[in-house]
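Participant: Per this note's numbering, the sequence shown starts with residue 62, numbered consecutively. Even glycine gets a Cβ: it sits at the ideal position worked out from N, Cα and C. Keep in mind the model is a prediction, meaning the values are calculated, not measured.
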Amino acid sequence: MSDYLVIVESPAKAKTIERYLGKKYKVKASIGHVRDLPRSQMGIDTENNYEPRYITIRGKGPVLQDLKSAAKKAKKIYLAADPDREGEAIAWHLAQALNIDIESDCRVVFNEITKDAIKESFKHPRPIDIDLVDAQQARRILDRLVGYNISPLLWKKVKKGLSAGRVQSVALRLIIDRENEIKNFQPEEYWTIEGNFQKGKKPFDALFYGNTKEKIKLKNKEEVEAILAKLNGEDFEIIKVVKRERKRNPSPAFTTSSLQQEAARKLNFRARKTMMLAQQLYEGIDVGKEGTVGLITYMRTDSTRISETAKKEAFQYIDQTYGNEYTTPINQQAKKSEKAQDAHEAIRPTSTMRHPDQLKTVLSRDQLRLYRLIWDRFVASQMAPAILDTVTADLQNGDVIFRASGSNVKFPGFMKLYIEGSDDQKEEKDKLLPPLEKGDVVKSLEINPKQHFTQPPPRFSEARLVKTLEELGIGRPSTYAPTLDTIQKRGYVTLEAKRFVPTELGEIVHSLVLEFFPDIINIEFTAQMEKDLDNIEDGDVKWKKIIDDFFRKFEKDLQHAEIAMEKVEIKDEPAGEDCEVCGSPMVFKLGRYGKFMACSNFPDCRNTKAIVKEIGVKCPKCKEGEIVERKSKTKRIFYGCNRYPDCDFVSWDKPINRPCPKCNELLVEKKIKKGIQVQCTNCDYKEQPTQ
62 MSDYLVIVES
72 PAKAKTIERY
82 LGKKYKVKAS
92 IGHVRDLPRS
102 QMGIDTENNY
112 EPRYITIRGK
122 GPVLQDLKSA
132 AKKAKKIYLA
142 ADPDREGEAI
152 AWHLAQALNI
162 DIESDCRVVF
172 NEITKDAIKE
182 SFKHPRPIDI
192 DLVDAQQARR
202 ILDRLVGYNI
212 SPLLWKKVKK
222 GLSAGRVQSV
232 ALRLIIDREN
242 EIKNFQPEEY
252 WTIEGNFQKG
262 KKPFDALFYG
272 NTKEKIKLKN
282 KEEVEAILAK
292 LNGEDFEIIK
302 VVKRERKRNP
312 SPAFTTSSLQ
322 QEAARKLNFR
332 ARKTMMLAQQ
342 LYEGIDVGKE
352 GTVGLITYMR
362 TDSTRISETA
372 KKEAFQYIDQ
382 TYGNEYTTPI
392 NQQAKKSEKA
402 QDAHEAIRPT
412 STMRHPDQLK
422 TVLSRDQLRL
432 YRLIWDRFVA
442 SQMAPAILDT
452 VTADLQNGDV
462 IFRASGSNVK
472 FPGFMKLYIE
482 GSDDQKEEKD
492 KLLPPLEKGD
502 VVKSLEINPK
512 QHFTQPPPRF
522 SEARLVKTLE
532 ELGIGRPSTY
542 APTLDTIQKR
552 GYVTLEAKRF
562 VPTELGEIVH
572 SLVLEFFPDI
582 INIEFTAQME
592 KDLDNIEDGD
602 VKWKKIIDDF
612 FRKFEKDLQH
622 AEIAMEKVEI
632 KDEPAGEDCE
642 VCGSPMVFKL
652 GRYGKFMACS
662 NFPDCRNTKA
672 IVKEIGVKCP
682 KCKEGEIVER
692 KSKTKRIFYG
702 CNRYPDCDFV
712 SWDKPINRPC
722 PKCNELLVEK
732 KIKKGIQVQC
742 TNCDYKEQPT
752 Q
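1) Within this structure, are the beta carbons of residue 407 and residue 368 separated by less than 7 Å?
2) Quick check on residue 537: does DSSP put it in helix, strand or coil?
3) Please go through the region 645-674 and give each complete beta strand (DSSP E) segment of 3 or more residues, from N-terminal end onward.
4) If we count the other Cβ atoms within 10 Å of its Cβ and call it buried at 16 or more, is residue 594 buried or exposed?
5) Just grab the DSSP bridge partners of residue 514 for me.
6) Where does residue 112 fall in DSSP's three states?
7) Taking the alpha carbon of residue 315 as the reference point, which residue from 502, 608 and 436 has its own alpha carbon closest?
8) Using the beta-carbon count (16 or more within 10 Å), is residue 506 buried or exposed?
9) In terms of residues, what are the limits of the beta strand (DSSP E) holding residue 468?
10) Taking residue 455 as the reference, give the member of 528, 302, 321 and 520 with the closest Cα.
11) Just verifying my parser: in three-state terms, what is the DSSP assignment at residue 79?
12) Apply the 10 Å Cβ neighbour rule to residue 148 and answer buried if 16 or more other Cβ atoms are within range, or exposed otherwise.
13) Relative to the alpha-carbon of residue 81, which residue among 162, 621, 70 and 182 has its alpha-carbon at the smallest distance?
14) Excluding the 5 residues flanking residue 618 on each side, which residues of the same chain have their C-beta closer than 7 Å to its C-beta?
15) Need the endpoints of the alpha helix (DSSP H) that residue 617 sits in, please.
16) Assuming residue 231 and residue 584 are in contact, meaning their beta carbons sit under 8 Å apart, how far apart are those beta carbons, in whole angstroms?
17) Mark residue 144 as exposed unless 16 or more other C-beta atoms lie within 10 angstroms of its C-beta, in which case mark it buried.
18) I need the straight-line Cα distance from residue 310 to residue 716, nearest angstrom please.
19) Hey, would you say residue 819 sits closer than 7 Å to residue 723, going by beta carbons?
20) Below 8 Å on the Cβ atoms is my guess for residue 299 versus residue 498; work out the distance and round it to an integer in Å.
21) Rounded to the nearest angstrom, what separates residue 445 and residue 173 at their Cα positions?
22) Is the CB-CB distance between residue 554 and residue 567 below 7 Å?
23) Quick check for students: name the residue ranges of the alpha helix (DSSP H) that lie wholly in the region 116-190, counting only runs of 4 or more.
24) If distances are taken between C-alpha atoms only, which option among 550, 137 and 179 comes closest to residue 359?
25) Give the DSSP-derived three-state secondary structure of residue 90 in the structure shown.
26) Between which two residues does the alpha helix (DSSP H) carrying residue 498 extend?
27) Give every residue of the same chain whose Cβ lies closer than 6 Å to the Cβ of residue 512, excluding the five residues on either side of it in the sequence, and list them in chain order.
28) Which term fits residue 153, buried or exposed, when burial requires 16 or more other beta carbons within 10 angstroms of its beta carbon?
29) Going straight from the alpha carbon of residue 306 to that of residue 469, what length do you get?
30) Taking the beta strand (DSSP E) that residue 639 belongs to, which residues open and close that run?
31) Please classify residue 758 as buried or exposed, where buried requires at least 16 neighbouring CB atoms within 10 angstroms.
32) State the Cα-Cα distance for the pair residue 328 and residue 373, rounded to the nearest angstrom.
33) Fully enclosed by the region 274-331, which alpha helix (DSSP H) runs are 4 residues long or longer?
34) For residue 138, count the other beta carbons within 10 Å of its own beta carbon; 16 or more makes it buried, fewer makes it exposed. Which is it?
35) Where do the N-terminal and C-terminal ends of the alpha helix (DSSP H) with residue 242 fall, by residue?
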């Protein structure tokens with residue numbers, strides 16, 4: 062018989078923690094929640110102070126019975142679910158089910174699954190934090206009241222299988238608002254004049270700035286020609302040189318949001334995949350002699366705080382590897398976000414000394430890539446700032462001023478290891494200028510005016526949407542990945558070129574929610590609701606008051622919608638071709654995974670076809686078929702012959718309608734970091750990348 066029973070969420074964690082704690086401890090897993098609101102009904106008594114009715118989750122009966130049996134044999138029970146609201150709620154539900162006094166020292170929390178962290182956490186057990194539990198209950202009940210009331214209405218008025226939630230409705234609104242911005246965008250013309258200059262034998266570039274009095278923006282060709290007419294000869298005098306030393310600080314260690322953003326930019330991971338891999342790294346990997354060990358700290362956090370122990374270890378590694386000039390003071394604190402709960406640390410490796418290269422044989426490719434990203438970011442966050450020398454020089458010809466800007470890295474600091482990615486495709490490059498001094502005369506080699514048009518704002522990528530939701534205070538670290546998943550599964554948005562595009566169905570649902578439930582889709586209201594949940598967690602307000610304040614108005618909106626919302630009929634759009642089975646017209650239909658073609662004679666004829674897009678290229682293999690754009694099961698775009706299965710030509714890269722000038726074979730557009738590169742599938746022919 063074990064003296065102590067420890068209950069964690071995950072079986073993967075259970076074995077590791079049991080090994081750390083020793084023979085007196087038996088560690089079992091609840092495998093997440095054991096109790097929840099019933100799926101088949103509301104489960105909240107709105108007439109009785111919003112009392113929730115919890116039941117044992119289907120399939121969890123044997124798990125709960127096993128825990129009860131083990132609890133009877135133990136002298137003491139510790140509840141060690143994850144260190145967040147959800148984990149606190151799981152611990153509370155277990156305490157209710159196992160008759161554990163929630164005011165006793167039964168709760169143990171740890172931010173990392175390492176021997177020292179686990180042993181230290183068991184020296185400081187505490188009662189269950191009922192404010193944390195109430196904050197989670199309030200979120201769960203709010204989401205249930207919204208989802209279980211609006212969703213059936215949408216089923217009745219639009220179609221089955223739809224849903225509306227607090228965070229997902231705002232995410233959908235952001236995507237649709239951005240799409241409307243793009244549709245309504247009016248491009249404006251503007252011009253630049255690029256000059257290529259030379260001092261001695263060294264060429265450099267400069268841009269038109271203005272005149273001796275002010276900066277000038279060029280709006281049309283006439284203004285450009287007027288400027289060019291003022292130039293007198295090829296000689297430009299340098300009238301001003303400004304040299305500065307600029308510090309560039311490292312980005313802080315990852316939060317959940319910034320990890321999802323950077324993994325999307327640098328590793329091409331979806332938010333869901335990032336969180337799945339991070340969970341595996343947190344719960345523990347068998348690394349050989351050490352056995353199973355958690356490689357990173359807890360991955361659901363909005364804090365950039367780092368423990369003193371981790372800072373000291375990073376300081377030691379940086380000092381030994383790069384030298385003392387690359388270190389920073391250990392007591393330096395990361396800037397805390399106003400919206401951060403700061404419940405626990407940033408995401409970091411549990412040991413800086415466990416270098417990614419040491420784990421190549423024990424981690425999968427994707428686990429290693431994510432671990433390396435987390436390790437690099439953390440170590441870089443503890444390194445010295447980079448120092449850049451910047452130079453700005455003004456070049457004058459008559460009344461016309463051109464400005465040249467350049468920089469070079471004087472001291473790389475953290476940049477020696479890691480530089481944060483960007484949502485913009487253009488990479489930041491250091492431009493080196495030749496030595497320039499006031500009074501120097503340089504020659505212009507070429508003056509090149511260029512016409513441009515302003516571009517609409519870009520559609521949201523997963524990374525950009527997560528960043529926007531976080532900046533607006535919508536949702537929390539644990540909600541981003543499931544929110545993005547939900548709006549795609551419901552068919553409200555699709556991903557095209559890794560950017561969210563709203564569907565017709567998404568726009569219909571959005572317009573209905575906007576008309577009848579304006580608070581649900583209001584960004585400020587939803588952000589305030591998050592603050593209210595934080596206030597519940599801090600013990601400043603009771604959860605039932607927050608729910609009641611919300612539900613009183615929501616109930617009136619719901620009653621109005623039941624009467625006033627008209628049934629929406631999504632009409633089938635003619636596809637412009639006949640069914641090859643029965644000859645009836647084919648129509649476009651809206652399914653869970655987007656539009657497809659189906660026979661209008663349904664249910665007598667059940668013929669369906671995927672919508673394929675021809676790209677205007679003949680099949681290079683059979684010479685008869687056309688190349689069409691298709692989607693794999695994972696929704697990745699690929700290209701194949703429309704005569705499949707008679708012709709099995711496929712390509713992940715987009716074929717283009719001209720042959721290779723070197724060998725006359727197929728050219729394709731390949732996506733690379735610098736943009737799109739045209740290259741041959743047969744020989745080494747490549748063209749310069751384009752954005």
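Facilitator: Quick look at the numbers:
1) no
2) coil
3) 646-652 and 655-660
4) buried
5) 250
6) strand
7) 436
8) exposed
9) 461-472
10) 302
11) helix
12) buried
13) 182
14) 577 and 578
15) 604-625
16) 6 Å
17) buried
18) 43 Å
19) Here the chain comprises residues numbered 62 to 752, so residue 819 is not present and cannot be evaluated.
20) 7 Å
21) 26 Å
22) yes
23) 122-134, 146-159 and 176-182
24) 179
25) strand
26) Here residue 498 belongs to no alpha helix (DSSP H), and DSSP marks it neither H nor E.
27) 252
28) buried
29) 10 Å
30) 634-639
31) Residue 758 is absent from the structure shown; the chain starts at 62 and stops at 752.
32) 29 Å
33) 282-291 and 317-328
34) buried
35) 227-245
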